[in-house]
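The next block holds one structure in the form of structure tokens; read it before the comments.
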Amino acid sequence: METFLSKDGTPLAYLRSGTGPSLVLVHGSNLDHTSWDAVLPALQARFTVYALDRRGRGRSGDAPAYAIEREFEDVAALVEAVPGPVVLLGHSYGAICSLGAALRTRSLGKLILYEPPLAPLEFFGPVDTIPRLEALVKEGRLAETLGTFLKEIGGATEADVQRMRDLPTWSTLVASAHTLAREGRVVGDAWRDIPRYADISVPTLLMHGETSPPFCAQIAANLQGVLRRNRLTVLQGQGHFAMNEAPELFVREVLAFIDAEP
């Protein structure tokens, strides 16, 4: 792992691997750079890959106050720090961070977004979930915070959560559970910002899974109506975590877009 400082002085960590043109990976909620492990071997065979730990998780630091603009700056700072032009790939909440970063750097060559959650909060779960998550975080009940998020936003059953508790990654997920409520607040408003992404000029690949909720297709359509140079790819038979469940398919579509003429 290597580190750099974001614009506000927060130390951020990333894993660098491979050789070739620069590819920056930005993970989603309650994850870290290891969420890319299934696709990393294929990607690092072609690129120098920089897999970020977003602020508040992994080996990255955090700040007392949170704003999505700081995450935009984090991703843009990493893009600016590595050789360009850079391919930037964001998953879920990390795709929102990547969109914002694309407005803050001129070092991008291409942008790839997998299911950014740019829809009203009620599309994802009960509208009162976020205040309850905030209350749990304030009381330091992070395991309950994670369990509530997984069930009410992630669609997990109680049995699913119990199985996850036995996994070695559970403690890592709990350690970053304080970030879930603050990111939920951002999701509640971020869909209103879609028009501003009309200023992004680099070729952009929009991806979503065939079996993902229908609003994922609508989000992609909304972005298609705004982004100047875009292409849509639907991964057949896949859901929100296609990079883990179908890594070969995921990589194939990513490379086809990167290798295509601008």
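Position in the sequence shown (from 1) plus 490 gives the number in our numbering.
Each residue gets a CB set at the ideal place from its N, CA and C atoms; glycine is no exception.
A quick note: this is a predicted structure, and the numbers were derived from the prediction, not measured.
**OP:** Please name the residue or residues paired with lysine 600 in a DSSP beta bridge.
**Re:** Val577
Original post:
What residues match up with aspartate 543 in a beta bridge as DSSP calls it?
Top reply: Ala503
Subject >> For threonine 723, three-class secondary structure by DSSP >> reply: strand
**OP:** Would you list the residues sitting across from glycine 699 in a DSSP beta bridge?
**Re:** Leu725
Subject >> Inter-stretch contact at 8 Å, needing at least 3 Cβ pairs: the stretch 575 to 586 / the stretch 508 to 522 >> reply: yes
**OP:** Quick one: residues in its chain with C-beta nearer than 6 Å to the C-beta of cysteine 706, no 5 flanking neighbours on either side, listed in chain order?
**Re:** Glu605 and His698
Original post:
Quick one, are the C-beta atoms of alanine 503 and aspartate 543 less than 8 Å apart?
Top reply: yes
**OP:** Let me know the secondary structure DSSP gives threonine 659 once reduced to three states.
**Re:** coil
**OP:** Please say whether phenylalanine 537 and glycine 574 have beta carbons closer to each other than 8 Å?
**Re:** no
Original post:
If you follow the beta strand (DSSP E) that serine 512 is part of, which residue opens it and which one closes it?
Top reply: 512 to 516
Subject >> Supposed contact pair tyrosine 540 and leucine 568 - C-beta distance, whole angstroms, cut 8 Å >> reply: 6 Å
**OP:** Kindly indicate the opening and closing residues of the beta strand (DSSP E) around threonine 493.
**Re:** 492 to 495
Original post:
Below 8 Å between beta carbons: does that hold for arginine 560 and alanine 553?
Top reply: yes
Subject >> CB-CB length for isoleucine 620 against glycine 678, believed under 8 Å >> reply: 7 Å
Original post:
Quick one: Cα of valine 577 to Cα of aspartate 683, how far?
Top reply: 23 Å
Original post:
Between the stretch 685 to 698 and the stretch 714 to 725, do three or more beta carbon pairs fall short of 8 Å?
Top reply: yes
**OP:** Please report how far the alpha carbon of threonine 662 lies from the alpha carbon of tryptophan 526, in whole angstroms.
**Re:** 16 Å
Original post:
Quick one, are the C-beta atoms of isoleucine 709 and leucine 608 less than 8 Å apart?
Top reply: yes
Subject >> Sub-8 Å separation of alanine 528 and proline 737 beta-carbons >> reply: yes
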